[in-house]
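Everything below concerns the one structure shown next.
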Amino acid sequence: MMIFCTSGCQSSHCIFELVKLLSPLLSYVGAYIVNSSEFVDAIKQCRVPDSACYVSYDVVSLYTNINNDAAIKTLLQLFDKHSKGVNMCGFSAEDFETLLKAALACNIFGFNNDFYAQKRGLAIGIRIAIVYFDHIEKASLTNGIILHKRYIDDVFVIGSSHAELRSTLTNLSSMDVNITLTVDEPSRDRFLPFLNTNARICSGKTDIRWYRKPSSKNIILHSRSAHHTHMEVNVVRNLVKTSERVATSTSENDEPIQHILFENGYNSGETTTWRPSSAPDGIALVPPYPNNHHAKRINAVVKRSRLPVRLIFLPHPPSKRCSHLHVCRKTDAARRDALLHRQEDLPFARDGVFDKVWRMRSSTYWRKRKTAEKVVR
């Protein structure tokens, strides 16, 4: 079972402040990448010898297998080393440590109408895992590693020989008894999937192509959906641009992209976009968005009448959200009670850090609300 870090409970406020403090620290994690574009740029700039070998590692259940005490110790060491480059947002170093412990000790989740406290590991999404595994990597890499890039728990490694790759894998697996890694090697055609790319290194030259997993259903926004036409155009444009951005040669991407678009109802005909009527300094008129056909007719009527309004179509919420909304409301109160009971048992719950977090979150909320009101006016 996977436990995700989400909003809706009091510990999420601690995690929100931690994210602001931890985000600058990720710049000191050298091997970490945030998207496939950074991976493509890194591998293009790398000088790869003809005898180089490459594999990818996958960390098995990284978040739930992390030692919390070791993760806190590692993070505090990195924080002390680069504290001058981090905006503390009014917190002291002791407050930072308290927030870390609170975020890990207050992981309350619900399953089958029962509530549980996670005793070991992290909820999926907390960035402490990225920093902790970076500590393991720096102590495990050998001199023969040419390139080492990681996206959360997926690692791409280029080594000077197979022996260097095996030695690195052994070092990574021995640093923490709870963390294990699986290895993926290139296929017969020497291509190795990583994120949404398919990389091949042959005679020192790299060939990178756009990649989608065989299990992918190729589901995108359908052409007959009740969305604005410009949203459908953006979906197609982003799909094409993503494939062009990660691939060294775009000719191989044409056929699979055309197949995906055809499966979702897009043909080769030209599509024109339209924008809702917007009079200068007009009053906002916010009707629900019916579908593209009726929305265009409403827009035409408003334009002909020359009403001093700004037409803003309100998209309907997802059906899944509507069906589960009443369930979320029922569980919110029970989740808060469980978390409050958990916080009463924490030795650091009375240090005033939680009150400081609440004050900062409240001030942030009201500041954003005032800014939004100014924009509307």
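Going by the working numbering, the sequence shown runs without a break in its numbering and finishes at 382. Glycine included, every Cβ here is placed at the ideal spot set by N, Cα and C.
With contacts defined as CB atoms closer than 7 Å, residue 173 and residue 146 qualify as a contacting pair. Annotation: the continuous beta strand (DSSP E) that includes residue 289 extends over 288-290. Taking C-beta separations shorter than 6 Å and ignoring five residues to either side along the sequence, the partners of residue 69 in its chain run 126, following chain order. Of all alpha-carbon atoms in 241, 197, 58 and 240, the one lying nearest the alpha-carbon of residue 167 is that of 58.
Between the alpha carbons of residue 262 and residue 220 lies a distance of about 16 Å. If you draw a straight line from the Cα of residue 165 to the Cα of residue 264, it is about 39 Å long.
With fewer than 16 other Cβ atoms from the protein chains shown falling within 10 Å of its own Cβ, residue 299 counts as exposed. Around the beta carbon of residue 200, 16 or more other beta carbons sit within 10 angstroms, so the residue counts as buried.
Under the DSSP assignment, residue 186 falls in the beta strand (DSSP E) whose first and last residues are 186-189. DSSP places residue 74 within a helical segment (H, G or I) once states are collapsed to three. DSSP places residue 137 within a helical segment (H, G or I) once states are collapsed to three.
Linking residue 238 to residue 151 through their CA atoms gives a straight-line distance of about 41 Å. Between residue 33 and residue 83 a beta carbon distance of about 7 Å is seen, short of the 8 Å cut, so the two are scored as contacting. Residue pairing for residue 197: DSSP places it in a beta bridge opposite 204. Here residue 272 is exposed. Its C-beta has fewer than 16 other C-beta atoms within 10 Å.
When beta bridges are read from the DSSP output, residue 212 appears opposite 205. Assignment of beta-bridge partners to residue 155 by DSSP yields 37 and 160. Taking the Cα of residue 41 as reference, the smallest distance to any Cα among 203, 26, 108 and 136 is reached at 203.
When C-beta atoms of the region 221-237 are compared with those of the region 190-200, fewer than three pairs fall below 8 Å, so the two segments do not count as touching. Residue range 259-268 is occupied by the alpha helix (DSSP H) that includes residue 262. Residue pairing of residue 58 in beta bridges, as defined by DSSP: 164. Using a Cβ-Cβ distance cut-off of 8 Å, the region 153-164 and the region 101-115 are not in contact, since fewer than three pairs of beta carbons, one from each stretch, lie closer than that value. Inter-residue distance for residue 310 and residue 227 is about 33 Å (C-alpha atoms, whole angstroms).
If you draw a straight line from the Cα of residue 294 to the Cα of residue 247, it is about 29 Å long. Residue pairing by DSSP places residue 315 opposite 283 and 289 in a beta bridge.
Two segments are said to touch when three or more pairs of C-beta atoms, one from each, lie closer than 8 Å; by this definition the region 178-189 touches the region 130-149. Restricted to the region 75-132, the alpha helix (DSSP H) segments that are unbroken, complete and at least 4 residues in length are 98-110, listed in chain order.
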